[in-house]
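*Asks:* Under the UniProt record's numbering, think of the first position of the sequence shown as 1, with each following residue one higher.
Glycine included, C-beta positions come from ideal geometry on N, C-alpha and C.
The structure's right below; bear with me while I get my questions together.
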Amino acid sequence: MTTAGDTDVFRSSAAAVANQDCNLESGSASSLTKMPSNDAPRSPSTASLSTCSDSEDSDTASGDVGGGWRSDLNVLLVLAAHWILSSTITFSNSFLVDHRLPNLAILLSAVQTMSASILLAPLIWTWQRDQLLQLKVRDLLTRNRAFLPLCLSFIGMLTFNRMSLRQVGVACLQISRSLTVVFTLAFTYWLLSSPVRRSSLACCGVVIAGFSLGVNQSLDSVTFKGFIFGTVSSLFASMETTLTKKVLPSFAYSPMLLTCALNATCAVLFLPLLMCTDQLWLLRQHWTELITPGFLATLVLSNIGTAAFGVLTYRVIHVTSPLTLVISNSAHTTAQTLVAVFYFRQSTSPLWWLSVFLILLGTLGYAASRANDMRQLHQLHLQQLQQQKLKSAAAAAASSSTGGKIQSV
């Protein structure tokens with residue numbers, strides 16, 4: 001789950017919200033389940049029921065974390081590390097796409113995917129070697145038609161997110177990328193045929209109102225083109241999150257394996273895109289501006305951070321829940337907006353802050369609504385499973401009784 005600017009924050013939030021129906025697990029893939037193990041891959045139904053129990057809004061640890069103050073301290077440290085790393089990546093990418101430097105959004109995204117695939121490969125080989133060896137690339141490309149659109153969506157998300165960050169800055173990025181939740185709801189209904197409740201639509205309406213108000217209040221200092229780029233990036237992020245659900249079974253329900261394969265494939269797909277654009281020409285013309293120690297150090301920090309962020313996101317869900325991740329990311333992006341406004345000394349109006357509050361309120365409300373829906377779905381799954389067990393027990397008892405009568409005769 002790699003990032004560009006604040007891509008991972010929005011991608012993991014969207015993934016956690018959209019994937020609480022427990023078919024996914026990024027980041028965005030995106031891309032959110034428990035920390036992968038070396039066990040044999042589970043069947044879809046088993047994986048679904050198992051991960052559903054972890055998706056409830058109880059913030060207790062779901063794995064090896066014990067109770068008491070040690071458990072609370074572990075959760076606090078993981079969330080704090082998640083916040084710090086996410087902010088570091090965002091401000092690092094903000095420096096890399098600064099207006100004083102050439103616009104290398106495509107090239108930086110390509111370098112990010114290459115770096116992420118290289119850094120994640122040793123982890124995959126260590127933790128999930130069996131799943132990797134069982135993966136058949138030919139079958140993946142021929143049978144799973146959603147993988148290529150997933151890669152293209154990921155490329156679009158990374159590139160347009162950097163272009164938006166260059167135009168609007170960190171302070172307005174939350175507003176620019178706020179429609180991710182709305183697009184996620186639309187694609188979940190359109191591609192996955194999931195039902196849509198009125199409460200979810202109402203929350204999306206609040207987000208749209210906040211986005212519209214924020215754009216209106218920001219046009220004095222920010223170009224409208226930046227918000228267009230952010231909206232397109234949100235569209236690709238939501239599509240990538242939704243397609244991840246369809247592709248994940250082909251990767252033995254392993255988010256980390258999917259993330260590594262996704263980045264490696266996108267790194268290859270970026271090559272013709274680089275050849276068809278002016279990115280390599282800009283790199284040659286501005287080479288002296290880009291080989292400074294500050295730029296190179298920031299680039300290395302950003303790429304290492306994005307690879308580590310994906311692993312850390314899985315850890316957050318492992319010790320808490322997807323709903324907690326959404327709430328944490330929403331609070332973090334708001335805090336990040338506050339820091340950016342005061343650090344860059346940007347003038348804002350009360351209506352601008354109202355738009356930020358509406359976006360935060362709508363996102364949290366949508367997350368709570370989805371969590372309630374998935375809790376009810378989980379209870380329905382448990383009831384069906386219990387009924388199947390009762391029917392199996394009754395059939396076994398009837399078979400045993402029939403066999404006893406035959407022996408007595």
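Under DSSP, the alpha helix (DSSP H) around V215 begins and ends at which residues?
*Replies:* Taking the first residue of the sequence shown as 1, we reach residue 215 at position 215. Here the alpha helix (DSSP H) through V215 covers R198 to S218.
*Asks:* Measuring alpha carbon to alpha carbon, tell me which residue in S233, D373, A80 and I84 is nearest L158.
*Replies:* Taking the sequence shown and counting its residues from 1, the one referred to as residue 158 is at position 158. Measuring from the Cα of L158, the nearest candidate turns out to be S233.
*Asks:* Give a yes or no on whether the C-beta atoms belonging to S369 and S238 are separated by under 7 Å.
*Replies:* Taking the first residue of the sequence shown as position 1, residue 369 is located at position 369. Taking the first residue of the sequence shown as position 1, residue 238 is located at position 238. No.
*Asks:* Which class does P255 belong to by DSSP, given the choice of helix, strand or coil?
*Replies:* Residue 255 sits at position 255 when you count from the first residue of the sequence shown. Residue state, collapsed to three classes: helix.
*Asks:* Could you pull the start and end residues of the alpha helix (DSSP H) that T313 belongs to?
*Replies:* Translated into the one-based positions of the sequence shown, residue 313 becomes position 313. Residues P293 to V319.
*Asks:* Going by CA-CA distance only, name the one from V75, H381 and L148 that's closest to E263.
*Replies:* Here residue 263 corresponds to residue number 263 of the sequence shown, with the count starting at 1. Going by the sequence as given, residue 263 is Asn instead of Glu. Measuring from the Cα of N263, the nearest candidate turns out to be L148.
*Asks:* On a Cα-Cα basis, can you pick out the residue from A105, S193 and Q134 that is closest to S164?
*Replies:* For the purposes of this step, residue 164 is taken as residue 164 along the sequence shown, with counting starting at 1. Comparing Cα positions, the closest option is A105.
*Asks:* Put V222 into one of helix, strand or coil per three-state DSSP.
*Replies:* Residue 222 sits at position 222 when you count from the first residue of the sequence shown. Coil.
*Asks:* If contacts are defined as beta-carbon pairs under 8 Å, then L257 and I118 qualify, I think. What distance do you get, rounded to the angstrom?
*Replies:* As a working note, residue 257 is residue 257 in the sequence shown. As a working note, residue 118 is residue 118 in the sequence shown. 15 Å between Cβ atoms; not a contact.
*Asks:* Specify the secondary structure class of F344 as computed by DSSP and reduced to three states.
*Replies:* As a first step, residue 344 must be located in the sequence shown, where it is residue number 344. Correct three-state label for F344: coil.
*Asks:* Looking only at its own chain, which residues have a Cβ that is under 8 Å from the Cβ of A307, when we skip the five neighbours before and after it?
*Replies:* Mapped onto the sequence shown, residue 307 falls at position 307. Cβ within range, chain order: T2, S115, A116, L119 and L120.
*Asks:* Taking the Cβ atom as the reference point for each residue, do S153 and E240 lie within a distance shorter than 7 Å?
*Replies:* Along the sequence shown, one-based indexing puts residue 153 at 153. Along the sequence shown, one-based indexing puts residue 240 at 240. Yes; because the gap between Cβ atoms is below 7 Å, this pair is in contact.
*Asks:* Under 8 Å Cβ to Cβ from Q217, same chain only, skipping five residues before and after it: list those, please.
*Replies:* Counting from one through the sequence shown, the residue named residue 217 turns up at place 217. Same-chain partners within the cutoff: T348, S349, L351, W352 and S355.
*Asks:* Between the Cα of Q336 and those of S94, T298 and T259, spot the shortest distance and give me the residue it belongs to.
*Replies:* Translated into the one-based positions of the sequence shown, residue 336 becomes position 336. Of S94, T298 and T259, the residue nearest in Cα terms is S94.
*Asks:* Identify whether A40 lies in helix, strand or coil by the three-state DSSP scheme.
*Replies:* By 1-based counting over the sequence shown, the position of residue 40 is 40. Legend: pLDDT at A40 = 37, less than 50; position of this residue unreliable, value from coordinates given subsequently. A40: coil per DSSP, three-state reduction.
*Asks:* Output needed for L107: all residues of its chain with C-beta closer than 7 Å, excluding positions within five of it in sequence on either side, in chain order.
*Replies:* Against the sequence shown, residue 107 aligns to sequence position 107. Counting only Cβ-Cβ distances below 7 Å, and skipping sequence neighbours, we find L274, Q279 and L283.
*Asks:* Should K245 go down as buried or exposed, given a rule of 16 or more other Cβ atoms within 10 Å for buried?
*Replies:* Position 245 of the sequence shown, counted from the first residue, corresponds to residue 245. With 16 or more other Cβ atoms within 10 Å, it is buried.
*Asks:* Could you check the C-alpha separation between V78 and V319 for me, to the nearest Å?
*Replies:* For the purposes of this step, residue 78 is taken as the residue at position 78 of the sequence shown. For the purposes of this step, residue 319 is taken as the residue at position 319 of the sequence shown. When rounded, the distance between both Cα atoms is 8 Å.
*Asks:* So the candidates are P272, T334 and L150; which of them puts its Cα closest to the Cα of L191?
*Replies:* Start at 1 with the first residue of the sequence shown, and residue 191 comes out as number 191. Cα-wise, what sits closest to L191 is L150.
*Asks:* Taking the beta carbon of F342 as the centre, do at least 16 other beta carbons fall within 10 Å, making it buried, or is it exposed?
*Replies:* Stepping through the sequence shown from its first residue, residue 342 is reached at position 342. Exposed.
*Asks:* Only counting the same chain, and skipping five residues up and downstream in sequence, which positions put a Cβ closer than 7 Å to that of I291?
*Replies:* Within the sequence shown, residue 291 is the residue found at index 291, counting from 1. Nothing listed; no residue qualifies.
*Asks:* Verify whether the separation of the beta carbon atoms of S92 and T298 is less than 7 Å.
*Replies:* Your numbering for residue 92 matches position 92 in the sequence shown. Your numbering for residue 298 matches position 298 in the sequence shown. Contact: yes.
*Asks:* So within the region 59–138, which uninterrupted alpha helix (DSSP H) runs reach at least 4 residues, ignoring any that extend past its ends?
*Replies:* Runs of the alpha helix (DSSP H) inside the region 59–138: 69–96, 105–127 and 129–134.
*Asks:* Note down the Cα distance separating V339 from R345, rounded to an integer number of angstroms.
*Replies:* Residue numbering aside, residue 339 sits at position 339 when the sequence shown is read from its first letter. Residue numbering aside, residue 345 sits at position 345 when the sequence shown is read from its first letter. The straight-line gap from Cα to Cα measures roughly 10 Å.
*Asks:* Could you check which residue in I84, I89 and H82 has the C-alpha nearest to that of V300?
*Replies:* Residue 300 sits at position 300 when you count from the first residue of the sequence shown. Per the Cα distances, I89.
*Asks:* Under the three-state reduction of DSSP, which class applies to T241: helix, strand or coil?
*Replies:* Walking along the sequence shown from the start, residue 241 turns up at place 241. Reduced to three states, the DSSP call for T241 is helix.
*Asks:* From S399 to K391, what distance separates their C-alpha atoms?
*Replies:* Counting from 1 along the sequence shown, the entry for residue 399 is found at position 399. Counting from 1 along the sequence shown, the entry for residue 391 is found at position 391. About 12 Å.
*Asks:* Are the beta-carbon atoms of R162 and V97 separated by less than 7 Å?
*Replies:* Taking the sequence shown and counting its residues from 1, one reaches residue 162 at position 162. Taking the sequence shown and counting its residues from 1, one reaches residue 97 at position 97. Yes, Cβ-Cβ distance for R162 and V97 is below 7 Å.
*Asks:* For the alpha helix (DSSP H) containing A186, list its first residue and its last residue.
*Replies:* Here residue 186 refers to the residue found at position 186 of the sequence shown. First-last of the alpha helix (DSSP H) with A186: T180 to L192.
*Asks:* Is V170 helix, strand or coil by DSSP?
*Replies:* To locate residue 170, count along the sequence shown from 1; it is residue 170. Coil at V170, not helix or strand.
*Asks:* Taking L312 and L85 to be in contact with their CB atoms under 8 Å, please state how far apart those CB atoms are, rounded to whole angstroms.
*Replies:* By one-based count along the sequence shown, residue 312 stands at place 312. By one-based count along the sequence shown, residue 85 stands at place 85. Sure, about 6 Å apart at Cβ, within 8 Å.
*Asks:* If you follow the alpha helix (DSSP H) that R284 is part of, which residue opens it and which one closes it?
*Replies:* The sequence position of residue 284 within the sequence shown is 284, counting from 1. Per DSSP, R284 belongs to the alpha helix (DSSP H) from Q279 to Q285.
*Asks:* From the DSSP output, in three-state form, read off R177 for me.
*Replies:* Taking the sequence shown and counting its residues from 1, one reaches residue 177 at position 177. Three-state result, R177: coil.
*Asks:* Starting from the Cα of T113, find the closest Cα among A261, V326 and R197 and give me that residue.
*Replies:* Position 113 of the sequence shown, counted from the first residue, corresponds to residue 113. T113 has its Cα closest to that of A261, out of A261, V326 and R197.
*Asks:* Take the Cβ of F211 as the centre, count every other Cβ of all protein chains shown within 10 Å, and call the residue buried at 16 or more, exposed below.
*Replies:* Indexing the sequence shown from 1 puts residue 211 at position 211. Buried, by the Cβ-count rule.
*Asks:* Grab me the residues of V182's own chain with a C-beta within less than 7 Å of its C-beta, minus the 5 sequence neighbours each way, in chain order.
*Replies:* As a first step, residue 182 is located in the sequence shown; it is residue number 182 there, counting from the start. Excluding positions up to five away in sequence, the list reads C204, V207 and I208.
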